[in-house]
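Participant: Count along the sequence shown from 1, add 538, and you get the number used in this note's numbering.
Note that CB positions come from ideal geometry on N, CA and C, so glycine has one too.
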Amino acid sequence: MSRKQRERRDAAASHKTTSSKLVRRLVPVLLGLAWLALGVNVYWWLLRPQLEPLPIVESEGLEPQVKALIQGAIAEVIANDFSAIAWGDLAAVLRAHDLAAPADACYRNAERLDNSDYRWPYLLGVSLAPTDAEQALDCFRRAAERCGNKPHVQLRLAEMLIERRLMSEAAGLVETVLAHAPSNPRGQLAKARLLFAEGKMDEAKSWAEKSAAGAQDRRSPHLLLAQLCRRTGDKEGEARELALLEKIPDGITPWEDPDVAAVLALRQDQAARLAKAESAAQILAEGSGAEDGSAALQLARAYYQQKDFAAAETVLRTMLKKLPGDERLHFEVGAACFQQRKYQEAAREFSRAIELKSDHVDAHYNLGQTLLRLGKKKEAREAFAAEVQLRPSHALARIHLADLLLQAGETKAAREHLEIAVKLAPQERRVRELLEKARRPNKP
Numbered sequence: 539m540s541r542k543q544r545e546r547r548d549a550a551a552s553h554k555t556t557s558s559k560l561v562r563r564l565v566p567v568l569l570g571l572a573w574l575a576l577g578v579n580v581y582w583w584l585l586r587p588q589l590e591p592l593p594i595v596e597s598e599g600l601e602p603q604v605k606a607l608i609q610g611a612i613a614e615v616i617a618n619d620f621s622a623i624a625w626g627d628l629a630a631v632l633r634a635h636d637l638a639a640p641a642d643a644c645y646r647n648a649e650r651l652d653n654s655d656y657r658w659p660y661l662l663g664v665s666l667a668p669t670d671a672e673q674a675l676d677c678f679r680r681a682a683e684r685c686g687n688k689p690h691v692q693l694r695l696a697e698m699l700i701e702r703r704l705m706s707e708a709a710g711l712v713e714t715v716l717a718h719a720p721s722n723p724r725g726q727l728a729k730a731r732l733l734f735a736e737g738k739m740d741e742a743k744s745w746a747e748k749s750a751a752g753a754q755d756r757r758s759p760h761l762l763l764a765q766l767c768r769r770t771g772d773k774e775g776e777a778r779e780l781a782l783l784e785k786i787p788d789g790i791t792p793w794e795d796p797d798v799a800a801v802l803a804l805r806q807d808q809a810a811r812l813a814k815a816e817s818a819a820q821i822l823a824e825g826s827g828a829e830d831g832s833a834a835l836q837l838a839r840a841y842y843q844q845k846d847f848a849a850a851e852t853v854l855r856t857m858l859k860k861l862p863g864d865e866r867l868h869f870e871v872g873a874a875c876f877q878q879r880k881y882q883e884a885a886r887e888f889s890r891a892i893e894l895k896s897d898h899v900d901a902h903y904n905l906g907q908t909l910l911r912l913g914k915k916k917e918a919r920e921a922f923a924a925e926v927q928l929r930p931s932h933a934l935a936r937i938h939l940a941d942l943l944l945q946a947g948e949t950k951a952a953r954e955h956l957e958i959a960v961k962l963a964p965q966e967r968r969v970r971e972l973l974e975k976a977r978r979p980n981k982p
């Protein structure tokens, strides 16, 4: 064996020995890591949060959009069953659609999975407040401990504490809020209520005045200020506040709450869509496009494309209050009502459009179609006749008119219209059938 061969042999043997030693050293390490991973998994499994089962949601009576939204949120929970966000999102979707019991279970699971997020106990408390004040109070306390600087969370707890006469705890929360946001009207009102409870009327009045100035559209500051003016003998101030209250709608105007607003924004049922449509229409009525209704018409047509005819009707009727003489708005309201099978209302709106613009050809034709649905054949025939007179090339109007004439026994007049219609629309099977019938005058 040559020297080079011996060197290669020795090198190979040395490498093999080194590899064997490395393997022997790594095996215990790898086994240790495997046992550690197993131990961690077993530990997590034993200590994992005990969750309530996925609630059964009764979907009967829910609109298709709502069902789809809920099913999507449920699928996300099934795919990520230990995700606090997935459970919280499902809870929000359910609560947005007034499914309180299953929503509450989901909020509890979300909090079990992540007890550092204030939103889960807070939103659970909001949900429970009307039915279980004690549990709601506990929820708000947990939320306030975790929320950091969130005035709406701290003040909701403070208000509940004031109602329960737990003034000392409430005062600490109010002072914390006002230290960070001294001009917060809700915080100022809470401060005024605390001082009122202590009998410090002048100080309470001063804080109530600040709150009322910063929240002119809310009744609660003005109500308290009116009381305080009466207590302090300020008749002029009391009269002023009572006059302001006359201009503010009755009921509770909620304070701004981004967490509750985020839940409500998820609502997809018709009531929510109509509310959004009305709100949008009010904005349009006050902005550009309000003078001629063009913006409302564009918005309504966008709703048409979504087949949301009720929302379109809401937008148009809101604008009609400002522009009652706009025939286009009346026509479009009629079209929206027709699509919803509200034929009496549709006929009324089409007729009003014709009153405002007698040569509105589409209104005559649509009125004829609507009257047919109502079984008013004589009036429908008059509407189609007016349409044909205004637009002689409208084949479908002639076909409808001819059909009604045939039913009335006026065969000759029907045939005249059909002979024109067959030239205008030779592809229409109905016109050929009616024409064949009209050419047999002795047969019914």
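Indicate, with yes or no, if the ligand SAM has a heavy atom lying under 7 Å from the CB of CYS644.
Facilitator: The ligand SAM is absent from the structure shown, which contains no ligands of any kind.
Participant: Take the Cβ of SER826 as the centre, count every other Cβ of all protein chains shown within 10 Å, and call the residue buried at 16 or more, exposed below.
Facilitator: Any reading at SER826 must be qualified, since the residue scores a pLDDT of 47, below 50, and its modelled position is unreliable; no value is offered.
Participant: Please determine, among GLY863, LEU854 and ILE786, the residue with the shortest C-alpha to C-alpha distance to ALA874.
Facilitator: The candidate whose alpha carbon is nearest that of ALA874 is LEU854.
Participant: Thinking just about the alpha-carbon of each residue, which of ARG702, LYS738, LYS688 and ASP740 is nearest to the one in GLY725?
Facilitator: Measuring from the Cα of GLY725, the nearest candidate turns out to be LYS688.
Participant: Under 8 Å by Cβ, that's how I've got GLU902 and ALA921 pegged, so tell me the actual separation to the nearest angstrom.
Facilitator: In the sequence on display, residue 902 carries His and not Glu. Contact flag correct, Cβ pair sits at about 5 Å.
Participant: With DSSP as the reference, label GLU598 as helix, strand or coil.
Facilitator: In the structure shown, GLU598 sits in coil (DSSP, three-state: anything other than H, G, I, E or B).
Participant: Beta-carbon separation of ALA764 and SER749 under 8 Å?
Facilitator: The answer is no: Cβ separation not under 8 Å.
Participant: Taking LEU908 and PHE876 to be in contact with their CB atoms under 8 Å, please state how far apart those CB atoms are, rounded to whole angstroms.
Facilitator: The amino acid occupying residue 908 in the given sequence is Thr; Leu does not appear at that position. Indeed they touch by this definition, with Cβ atoms about 6 Å apart.
Participant: Tell me where the alpha helix (DSSP H) around TRP745 begins and ends.
Facilitator: Start and end: 739–752.
Participant: Alpha carbon to alpha carbon, how far is ARG970 from ALA935?
Facilitator: Roughly 15 Å separates the two Cα atoms.
Participant: Check whether the Cβ atoms of ALA648 and ALA622 lie closer than 8 Å to each other.
Facilitator: The answer is yes: Cβ separation under 8 Å.
Participant: Among the residues of its own chain, which have a CB less than 8 Å from the CB of THR770, if the five just before and after it don't count?
Facilitator: Excluding sequence neighbours, THR770 sits near MET739, ASP740 and LYS743.
Participant: For ASP864, which three-state DSSP category applies?
Facilitator: Note: ASP864 maps to coil in three-state DSSP.
Participant: Quick check: ALA641 and ARG633, are their CB atoms within less than 8 Å of each other?
Facilitator: Yes, Cβ-Cβ distance for ALA641 and ARG633 is below 8 Å.
Participant: When DSSP labels each residue in this structure, what does PRO759 get in the three-state scheme?
Facilitator: In this structure, PRO759 counts as helix in the three-state DSSP scheme.
Participant: Hey, would you say VAL631 sits closer than 8 Å to TYR660, going by beta carbons?
Facilitator: No, these two residues do not count as a Cβ contact at 8 Å.
Participant: Out of curiosity, what's the CA-to-CA distance linking VAL712 and LEU727?
Facilitator: For VAL712 and LEU727, the distance between alpha carbons rounds to 10 Å.
Participant: On the CB-based measure, 16 or more other CB atoms within 10 Å of its CB, does GLY737 come out buried or exposed?
Facilitator: By the neighbour-count rule (16 or more Cβ atoms within 10 Å), GLY737 is not buried but exposed.
Participant: Look up ASP627 in the DSSP assignment and say whether it is helix, strand or coil.
Facilitator: ASP627 falls in the helix class under three-state DSSP.
Participant: Between ASP636, LEU782 and ILE612, which has its C-alpha nearest LEU628's C-alpha?
Facilitator: Measuring from the Cα of LEU628, the nearest candidate turns out to be ILE612.
Participant: Between TRP625 and the rest of its own chain, which residues show a CB-CB distance below 7 Å, the 5 nearest in sequence each way excluded?
Facilitator: Closer than 7 Å at Cβ, skipping near neighbours: VAL615, CYS644, ASN647, ALA648 and LEU651.
Participant: Whole angstroms are fine: how far does the CA of ALA933 sit from the CA of LEU942?
Facilitator: Looking at the two C-alpha atoms, the distance is approximately 14 Å.
Participant: By a C-beta neighbour count over all protein chains shown, 10 Å radius and 16 as the cutoff for buried, is ARG657 buried or exposed?
Facilitator: Classification of ARG657: buried, given that the 10 Å Cβ count is 16 or more.
Participant: Quick check on LEU943 - is its C-beta less than 8 Å from some C-beta in chain C?
Facilitator: No chain C is present in this structure, which holds just one protein chain.
Participant: Please classify PRO862: is it buried, with 16 or more other beta-carbons within 10 angstroms of its beta-carbon, or exposed?
Facilitator: Exposed, since its Cβ has fewer than 16 Cβ neighbours within 10 Å.
Participant: What does the Cβ neighbour count give for GLN806, buried or exposed, with the cut at 16 atoms within 10 Å?
Facilitator: By the neighbour-count rule (16 or more Cβ atoms within 10 Å), GLN806 is buried.
Participant: Please identify the residue among GLY872, ASP864, GLU865 and LYS860 whose C-alpha is closest to the C-alpha of ALA850.
Facilitator: The option with the nearest alpha carbon to ALA850 is GLY872.
Participant: Where do the N-terminal and C-terminal ends of the alpha helix (DSSP H) with GLN907 fall, by residue?
Facilitator: Run containing GLN907: 899–911, per the alpha helix (DSSP H) assignment.
Participant: Can you check whether the CB of ALA885 is closer than 8 Å to the CB of LEU536?
Facilitator: Absent from the model: residue 536. The displayed extent of the chain is 539 to 982, so no value can be given.
Participant: In chain order, what are the residue ranges of uninterrupted alpha helix (DSSP H) at least 4 long that sit wholly in the stretch 656–733?
Facilitator: The stretch 656–733 contains these whole alpha helix (DSSP H) runs: 657–666, 671–684, 689–701 and 705–718.
Participant: Can you give me the Cβ contacts of ASP655 inside the same chain, cut-off strictly under 8 Å, excluding the 5 residues immediately before and after it?
Facilitator: Here the set comprises ALA622, GLY626, ALA648, GLU649 and ARG684.
Participant: Using the beta-carbon count (16 or more within 10 Å), is GLY686 buried or exposed?
Facilitator: Exposed is the call here.
Participant: State yes or no: is the C-beta of LEU761 within less than 8 Å of the C-beta of TRP745?
Facilitator: It is not a contact, given that the beta carbons lie outside the stated cut-off.
Participant: So, PHE847 versus GLN882, is the Cβ gap smaller than 8 Å?
Facilitator: Contact: no.
Participant: Buried or exposed for LYS880, please, with buried defined as at least 16 other CB atoms from any protein chain shown within 10 angstroms of its CB.
Facilitator: Classification of LYS880: buried, given that the 10 Å Cβ count is 16 or more.
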